[in-house]
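To keep things clear, I will list the structure first and then write my remarks on it.
There are 2 protein chains.
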Amino acid sequence: MTESTERWGLFELVLQGPADGNPYKDYEISATFSKGDRSLRVRGFYDGNGTYRVRFMPDEEGEWRYETFSNAAELNGVSGNFTCTPPRPGNHGPVRVRGSRHFAYEDGTPYLPFGTTCYAWIHMNRDLQEQTLNTLAQAPFNKLRMCVFPKNYSFNKEEPDLFPFVRKADGTFDLEVFDPHFFAKLEQRILDLQRLGIEADLILFHPYDKGKWGFDEMDAATDDYYLRYIIARLASYRNVWWSMANEYDFMKAKTMDDWDRVFRVVQEEDPYGHLRSIHNGTRMYDHRRVFLYDYGKPWVTHVSVQHWDVTLTSIWLEEYGKPVIVDECCYEGNLPQRWGNITAEEMTRRFWDTVTRGGYCTHGETYTHPNDEIWWAKGGRLYGQSPERIAFLRSILEAAPADYDLMPEIYDVPTIGVRGVYYLMYFGLLRPAYRDIELPEGRFRVEIIDTWNMTIEEMAGVHEGTIRIRLPGTTNIAVRITRIEDQ
Amino acid sequence: MTESTERWGLFELVLQGPADGNPYKDYEISATFSKGDRSLRVRGFYDGNGTYRVRFMPDEEGEWRYETFSNAAELNGVSGNFTCTPPRPGNHGPVRVRGSRHFAYEDGTPYLPFGTTCYAWIHMNRDLQEQTLNTLAQAPFNKLRMCVFPKNYSFNKEEPDLFPFVRKADGTFDLEVFDPHFFAKLEQRILDLQRLGIEADLILFHPYDKGKWGFDEMDAATDDYYLRYIIARLASYRNVWWSMANEYDFMKAKTMDDWDRVFRVVQEEDPYGHLRSIHNGTRMYDHRRVFLYDYGKPWVTHVSVQHWDVTLTSIWLEEYGKPVIVDECCYEGNLPQRWGNITAEEMTRRFWDTVTRGGYCTHGETYTHPNDEIWWAKGGRLYGQSPERIAFLRSILEAAPADYDLMPEIYDVPTIGVRGVYYLMYFGLLRPAYRDIELPEGRFRVEIIDTWNMTIEEMAGVHEGTIRIRLPGTTNIAVRITRIEDQ
């Protein structure tokens, strides 16, 4: 058998094996994938109907050799080769941390996360799922926060058709038997996102169960059993991120030690080191004490925080030395809950405020809807005015030098840039009539950006020395200063 | 000599004495004022031209007796009586701390501080001073932050006509000789404010000198000499508050021990215990460490803080157990400096945000002006749109039960009230479409307040139990819930 798989594509070995007993539990299969001196061991999984699969994401072009190991004789010692070909256009590999505050795809292409949130979209009906994908295709988002388990919460009471575990006649779940149909659906959705250039920020546990299904209070052994299975299935999808939990502090059945263990299981089971973080609920960073999960722990790749006060971003960057994504900062909408009713203007402001403090921000939308089809939970359509402003910000950030950093010398206005070369200052709620700037050595272009009206106006001329920048006197203004290259 | 002075009025004993040498330094005069078992000792002062004065603010009606003490024979042992009459209308006495978060005049009338800032207004020309008083007469403010020493700062370079100390021919100051004309002017302005019902929050030291006059770097003995003199003159004005300094952390010549000493001198010299605080510059409360002067010290009566983030108010209330006034939270205007260019809407929001978190807020205005006549420094005219909104808030707060407190059970929206009786919730930037409330026992009136448009709309009917309050879906909304008294 000779096959080929592109770099960071998904190679899949399919084998037939025993179907007796509970194959999910009774049989194990793994394989080593080797190239030259390198060898990776990956876990395979049972997919129902006597079918076993071992998936592998090669990160190097050339010939790879594999060999299986199993406690089932017919699955053991199977070996073969495949060719890893160059990645196709648009495939840049998985996202990695770059330096201490940025991300990049594995091929080095910078990745600037502009995420959104559709927690339970895969648990909705097929039409709504398709609508979500159509909306995403038009939207500026390249990361989606989404849950594996279904959600039982305000405005989201739907019973899904499929669950990760098989349901018994009495309505409870057999926590030893997975449902491959559910996972096939999940995998399809992850691929759909991949095609749209969207990272799937997959939430492995969450508290929105409230006694309905019980997935929030499984025991540690079951949690680990589930983690090993889902990672065996999904780790070779290059656009997967692991979010241990959403609002972990609302999951009363779990301790901080449990979360450490969950992190370590994920770290151990995933041979590719996909991004790992955890997201807090109201156990927020407090002004007097740090209340967050310790993002400094070695198995955490980045900070995935919930906080209304995004101006804390630079503090977290300093505290943890890792990239910061404010994965919830309230949602654009008009729900009664405090987290669900900021204006589009405020959402846009929080994006700019986070980004110009060196972090990244995540969108969500929560407008009341006659059928409760609210984007943040179910996907569907977007009604708000912030996405196009977020697209505008994304275009500006993508045009910035990739290695931008905080510019603390401009201490009074959050500013990112590259010293002497590029500055992006954000005035937010402040609206000075003018701003005096002492430019560094060189000649500069100065642009006034209206972040709400999405206009960029260049200040006439080429600028040097100390200059006065006249500003429009309105809020939501940014200033971009770019060094003009010598001819 | 028999005279009468109203309660909390100013009784003044005028004596002629020696004018030789330096009477400010060489002669001391004090007096005891006695009524029944009570006796207070107060310091008098030299007022130039051989005139000595001893001022006293009686706090009890009836006959008071006094007797002087001096190292000058003709000033020693002078005694007499005067009658303290009931206070005239509008005279409620000096402002005191009431409980742990409020203020009241000494007669028990609640005092809700709604301050503004004209740092150097007394140092401007007479016409501008008069204009300031005319503006204040129309404005909603009942406290004014103002400096004793003149100010040398951006937009404020004026050389005043008078200084606390006499100027020598070489332009330096004789720091042993006060100028009574300066103090007479200052006293007149304090009385002008008193007539307008405005407390003079008098700033005893400030850093805006920058080598021009040197008042920010006098030695400790001179500081104390100045304090004893100014307190002897001003402590009997009932509307005086002592602010040890503005932006004390910018005064590099002083240590924290100096500030402790200044507080203790003021505390010791002022027999009436006027309010005492100190105001920070950029040594702000930090999100990880407390950087402020320790307002918990026993000589500090209340917190007079500068911070952009007024949502910290409730933290300071808890931390210090004293009333909190955010005496600077940025100013309405359009100056280039970061502290001087928030919108009227944002200023109004910061007032509401502070007040519904249990504190009080102070206004300032900084619009560019062709002659740099900017309210925050010089007084003059107000151009902004926040004062009328602050007046609206003041009217609402004055109609609230005086003993309102924080209502932590409404945890998601800052709310003050009296449990079961009155609630004032402020939504600020949040704009939910509706809000479900479980009312306490009783029947209630519900009003929707638009804090920007200054409208109050009553929700039809009398309300009980769990209700849904439809909100307009715009920002800057407050809800007032008032229990209807049984007929």
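Line order of the protein sequences matches chains A and B.
The opening position of the first sequence corresponds to residue 15 in my numbering, with each subsequent residue numbered one higher.
The opening position of the second sequence corresponds to residue 15 in my numbering, with each subsequent residue numbered one higher.
Just so it is clear, CB atoms sit at the ideal spot from N, CA and C, and this is done for glycine as well.
Sequence-ordered contacts of the stretch 353 to 373 of chain B with chain A read G354, N355, I356, T357 and E360 [C-beta pairs closer than 8 Å]. Secondary structure note for A414 (chain B): it is in no beta strand (DSSP E), with a DSSP letter that is neither H nor E.
Chain B has a Cβ within less than 8 Å of the Cβ of N348 (chain A).
For the set B:F117, B:M160, B:R297 and B:A151, the Cα lying nearest the Cα of H137 (chain B) is the one of B:M160. Per DSSP, reduced to three states, the secondary structure at H377 (chain A) is coil, with no helix or strand assignment. Here T368 (chain A) is not near T429 (chain A), since their CB atoms are 8 Å or more apart. As a beta-bridge residue in DSSP terms, S291 (chain B) pairs with B:S257. Assignment of A235 (chain A) by DSSP, reduced to helix, strand and coil, places it in the helix class. According to the DSSP secondary-structure assignment, F179 (chain A) is paired through a beta bridge with A:F192.
Using a CB distance cut-off of 8 Å, P446 (chain B) counts as an interface residue toward chain A.
The stretch 340 to 356 of chain A makes no contact with the stretch 415 to 424 of chain B: fewer than 3 CB pairs, one atom from each, lie closer than 8 Å. At a beta-carbon threshold of 7 Å, the residues of chain B lying near D426 (chain A) are R352, ordered along the chain.
Remark: C-beta atoms of V338 (chain A) and V319 (chain A) approach each other more closely than 8 Å. Around the beta-carbon of D51 (chain A), fewer than 16 other beta-carbon atoms lie within 10 Å, marking it exposed.
Contact between N253 (chain A) and I212 (chain A) holds: CB atoms are separated by about 7 Å, below the 8 Å threshold. Taking 8 Å as the threshold, the shortest C-beta distance from R449 (chain B) to chain A falls below it. About 4 Å separates the CB atoms of G107 (chain B) and W22 (chain B); that is less than 8 Å, so the two are in contact. For F179 (chain B) and P100 (chain B), the gap between their C-alpha atoms comes out near 37 Å. Spatial neighbours of R115 (chain A) in its own chain (CB-CB distance under 6 Å, excluding positions within 5 residues in sequence) are listed in chain order as L331, P337 and G372.
Counting only the Cα atoms, F406 (chain B) lies some 26 Å from E387 (chain B).
Buried is the label assigned to E360 (chain B), since at least 16 other Cβ atoms lie within 10 Å of its Cβ.
Residues F25, F47, S48, K49, F70, P72, N95, F96, T97 and C98 of the same chain have their beta carbon placed closer than 8 Å to that of W78 (chain A), with the five preceding and five following residues left out of the count.
Inside the stretch 415 to 495 of chain A, DSSP marks whole beta strand (DSSP E) runs of 3 or more residues at positions 429 to 432, 436 to 440, 448 to 452, 458 to 464, 469 to 472 and 480 to 484, from first to last along the chain.
Boundaries of the beta strand (DSSP E) harbouring Q30 (chain B): F25 to Q30, taken from the DSSP string. Residue environment: R290 (chain B) is assigned as buried (16 or more neighbouring CB atoms within 10 Å of its CB, all protein chains considered).
Look at the stretch 472 to 495 of chain A: the residues with a C-beta under 8 Å from a C-beta of chain B are G487 and T489.
From the beta-carbon of T382 (chain A), the residues of chain B found nearer than 7 Å are A447. Of all residues in the stretch 389 to 411 of chain A, none has a C-beta nearer than 8 Å to a C-beta of chain B. Interface with chain A (8 Å Cβ-Cβ cutoff): L189 (chain B) is excluded. At a cut-off of 8 Å between beta carbons, L438 (chain B) makes no contact with chain A. Taking the Cα positions, I462 (chain A) is about 6 Å away from A492 (chain A).
Restricting attention to B:I43, B:Y41, B:V56 and B:Y309, the CA atom closest to the CA of D284 (chain B) is found in B:V56. Under the Cβ criterion of 8 Å, L443 (chain A) is counted among the residues facing chain B.
In this structure, the straight-line span from the alpha carbon of E88 (chain B) to that of D237 (chain B) is close to 29 Å.
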